[in-house]
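2 protein chains.
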Amino acid sequence: MSTNKIQQFLSKETLETPFLVVDLDIVAKNYLALSKQLAGIKIFYAVKANPATPILEVLRDLGSNFDTASIYEIQKCLKLGIEPQRLSFGHTVKKEIDIRTAFDFGIRYFAFDSIFELEKLSRAAPNSFVFCRFLTPNDGAEWPLTDKFGCNSELAVDLLCKAVDLGLSPIGVSFHVGSQQRNPSNWGIALDQANKIFDATAKRGLTLSYLNLGGGFPSQYRGPVCKLEPHTNAIKNGMKNYFGELVDQTVVEPGRFIVGDAGLIQSEVVLISQKSAEEQKRWVYLDIGKFGGLPEVLDEAIKYKIRTPHDGKLVGPVIIAGPTCDEVDILYDKTGYELPIELSIGDRVEILSAGAYSASYSSVGFNGFPPLKEYYI
Amino acid sequence: MSTNKIQQFLSKETLETPFLVVDLDIVAKNYLALSKQLAGIKIFYAVKANPATPILEVLRDLGSNFDTASIYEIQKCLKLGIEPQRLSFGHTVKKEIDIRTAFDFGIRYFAFDSIFELEKLSRAAPNSFVFCRFLTPNDGAEWPLTDKFGCNSELAVDLLCKAVDLGLSPIGVSFHVGSQQRNPSNWGIALDQANKIFDATAKRGLTLSYLNLGGGFPSQYRGPVCKLEPHTNAIKNGMKNYFGELVDQTVVEPGRFIVGDAGLIQSEVVLISQKSAEEQKRWVYLDIGKFGGLPEVLDEAIKYKIRTPHDGKLVGPVIIAGPTCDEVDILYDKTGYELPIELSIGDRVEILSAGAYSASYSSVGFNGFPPLKEYYI
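Residue numbers (the numbering used here), protein chains in the order written: chain R, 22 to 398; chain A, 22 to 398.
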């Protein structure tokens, strides 16, 4: 994905690579498209996907809500004039002091998935609205999901009921079908689970009214085009099948979908080499890698589209590596990338759909390289 | 590894976690120990392992030389008053503009492993001393080595001879037996290869006089204690077997060995949880993880020793995870770590031997978390 605005920006001047450039119009467009397709569902932008001030401002002005992963993200949003009522603290693992600080700021929506987190919340955020994250299948997600967050459904029911005794206001559940999810059928599975949790707590006298569907909406990387509609349709069908209608508060937390396709990273080819006189496969070293703002190439999970000045011409197999002295700083080896034979040292290439989960991961200075530069236009 | 000085520092005041604390006396001690065991061999500290100013100052004052991975590291060393004669630019992948800048600063030692890099060097650093990195086996290294750097021996010979035609002064070779290497026998294999390259270029009229043994000397992580002597003995024996004596300029580039055991990271337990009522394995969430300064837990490669306030008491199996919302931010799952049953939220734990390859990798602010704090004492 590129845009006319980005193309003009790139052609206007030769900026020092590597850098990320994001078209804020696309951020707005993606937000509005999702709002339209999921009418009645509240959007909480996942700040962690890209916490840059211009992005938060655009979404603030469009009326978005914001899901935050740390007290630092909360402070940043508040400083930008976003009211605490528009923020949730959706991380299930929080220091008690951070919960207390958030509560003092007026934050009232908190996630949990364990008894100890509930106990922290009961002490530091009394009477707050709390929701339990449960584990759900995530097959088809390109960025690996683990069991790091969430608990099983039975425990979720117990914890929600327990929350009442602890002086909290348990309101519902959250889940995550997996980041960069290509398989829309997971939404139905998760909604079925959620509905069963709603039923189970109701039998124990607790009526739930909050359903947080998390994120997972895809960006355009290599492979088949990912459309939004199969996901939003799966959500709408799932809601109808399992809940009959929208529950009182239905929420999504898109991050990647809002910002991923809005930006690209321009990088320079530093070296092209072979390891022996006979070898055909070229090593292409870029000035950006795993530790400079592309962490999602870990295990070659996210497969970015790469644009070169020689696209359309004859290609050959390559291993693509980053600029640091770290041996593991390799972007793609096994995936089978091919790049034009004419690609040369000094050429500028673009890593497309790189607006999410990039710049904020840059190392402070591994190998002395400065963090990724960012432009928001 | 901890030291009295670090213990006093930790007991004196309660600093906000997470942070790295490094005992500079240990940095000096490690440098002097290696110097003593490798008399006649020049030490070039691998700045990338930990580029903190206090470390560079200690090593500067002890007379160390410095191997650098970028023009930024070079500039930092020069600013600290380290003469350009004491610096090498050992990265085989450099932008031509950075080579030129380094050359203008007076740097004269450059690594290469490809024809295009040689061509850059010939244009930007004429007459400089250049050495070719060749590929050598690295079985036994805990931090994975790939083929990212180095070429095969035949190509090395060709490139070294070619360098003469390009107006450069080819002086020798470099290699790397693998970072955190537990297998000392690799040194002999590499020295055998190096000797064959020396012989082959001599037959073509080029006498080499520089032998760069790289790094690989280990720190004390989990598993058997790693001693330095088996490595230095293997080097001395290899030199005797293959070269008869030290070649004119013999060089090592230790990084991890100098700073790894000199520091530890103090972290706080943020949450302990289970995913179901039945599960025995606990999830222990720390306030440091993969993106906050522990990149070497990728694929659970480097297995740090972890100290808790309850050591010696009954332990149980754990999965250890980092503080961010990223699902892959897990330190250890498959390795089979066990931690005391009594471990509690709010406890401070220490990640030992964490002085190398930690703070400089911290993300600038993923999830809003600030970079790892550092104290050098």
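Don't be surprised by glycine CBs; every beta carbon is placed ideally from N, CA and C.
So, at 6 Å on beta carbons, what are the nonlocal neighbours of residue i in its own chain, with the 5 sequence-adjacent residues on each side left out?
| i | result |
| --- | --- |
| I27 (chain R) | V42 and D44 |
| G199 (chain R) | N159, A162, L166 and G237 |
| P245 (chain R) | none |
| K69 (chain A) | A90 |
| G171 (chain R) | D134, R154, F155 and L156 |
| P105 (chain A) | F126, G127 and I128 |
With residue i and residue j assumed to form a contact (beta carbons below 8 Å), what rounded beta-carbon distance in angstroms separates them?
| i | j | result |
| --- | --- | --- |
| A154 (chain R) | D134 (chain R) | A quick correction: the sequence has Arg, not Ala, at residue 154 (chain R). With a Cβ gap of about 5 Å, R154 (chain R) and D134 (chain R) count as contacting. |
| F110 (chain R) | L393 (chain R) | No, F110 (chain R) and L393 (chain R) are not in contact; Cβ-Cβ is about 27 Å, not under 8 Å. |
| K183 (chain A) | L156 (chain R) | Contact flag wrong, Cβ pair sits at about 59 Å. |
| I309 (chain A) | I286 (chain A) | 6 Å |
| S288 (chain A) | V370 (chain A) | 6 Å |
| K97 (chain R) | P72 (chain R) | 6 Å |
| Y17 (chain R) | Y130 (chain R) | Residue 17 (chain R) is absent from the model: chain R starts at 22 and stops at 398. |
| L232 (chain A) | T271 (chain A) | 5 Å |
Would residue i and residue j qualify as a contact pair, given that the criterion is a beta-carbon distance under 8 Å?
| i | j | result |
| --- | --- | --- |
| K141 (chain R) | I120 (chain R) | yes |
| L267 (chain R) | I64 (chain R) | no |
| L352 (chain A) | T329 (chain A) | no |
| D88 (chain A) | Y66 (chain A) | yes |
| C346 (chain A) | A90 (chain R) | yes |
| S374 (chain R) | G314 (chain R) | no |
| I103 (chain R) | Y397 (chain R) | no |
| G259 (chain A) | G209 (chain A) | yes |
| F150 (chain R) | A132 (chain R) | no |
| A60 (chain A) | V79 (chain A) | no |
| E348 (chain R) | K169 (chain A) | yes |
| S384 (chain R) | S174 (chain A) | no |
| Y263 (chain R) | N207 (chain R) | no |
Please return the same chain residues whose Cβ sits closer than 8 Å to the Cβ of residue i, not counting the five positions on each side in sequence.
| i | result |
| --- | --- |
| L55 (chain R) | I64, F238, L249, T253, V273, P275, F278 and I279 |
| L319 (chain A) | K311 |
| I366 (chain A) | V290, V291, L292 and I293 |
| P344 (chain A) | V291, Y306, L307, D308, I309, G310, G313, D350, N388 and F390 |
| N148 (chain R) | G188, L189 and S190 |
| L229 (chain A) | L181, P191, I192, G193, V194, I218, F219, T222, A223 and V268 |
| I136 (chain A) | L180 and K183 |
| Q214 (chain A) | F155, T157, S174 and F196 |
| P1 (chain R) | With chain R represented from 22 up to 398, any question about residue 1 (chain R) goes unanswered, as that position is not in the structure. |
| F399 (chain R) | Outside the shown range of chain R (22 to 398) lies residue 399 (chain R), about which nothing can therefore be said. |
| L36 (chain R) | Q287, K394 and Y396 |
Given that a residue counts as buried once 16 or more other Cβ atoms are within 10 Å of its Cβ, and exposed if not, what is residue i?
| i | result |
| --- | --- |
| E94 (chain R) | buried |
| D350 (chain A) | buried |
| K100 (chain R) | exposed |
| I362 (chain A) | exposed |
| L335 (chain A) | exposed |
| A177 (chain A) | buried |
| K115 (chain R) | buried |
| T38 (chain R) | buried |
| A298 (chain A) | exposed |
| I402 (chain R) | As shown, chain R starts at 22 and ends at 398. That puts residue 402 (chain R) outside it, with no answer to give. |
| K57 (chain A) | exposed |
| K261 (chain A) | exposed |
| K302 (chain A) | exposed |
| I327 (chain A) | buried |
| G235 (chain R) | buried |
| G84 (chain A) | exposed |
| G376 (chain A) | buried |
| I118 (chain A) | exposed |
| G265 (chain R) | exposed |
| G333 (chain A) | exposed |
Once the 5 residues before and after residue i are set aside, which same chain residues still bring their CB inside 7 Å of it?
| i | result |
| --- | --- |
| E321 (chain A) | Y353, K355 and T356 |
| W164 (chain A) | S200, Q201, E317, A322 and I323 |
| S143 (chain R) | L187, G188 and L189 |
| Y382 (chain R) | G314 and P316 |
| F124 (chain A) | A145, A146 and S149 |
| I47 (chain R) | T24, D282 and A283 |
Using the beta-carbon of each residue, which ones in chain D are nearer than 8 Å to residue i?
| i | result |
| --- | --- |
| V42 (chain R) | This model lacks chain D altogether, as its protein chains are R and A. |
Segment contact flag, the stretch 97-114 of chain R with the stretch 325-341 of chain A, C-beta cutoff 8 Å, min 3 pairs: Taking a cut-off of 8 Å for Cβ pairs, the stretch 97-114 of chain R and the stretch 325-341 of chain A do not touch, as fewer than three such pairs fall below it.
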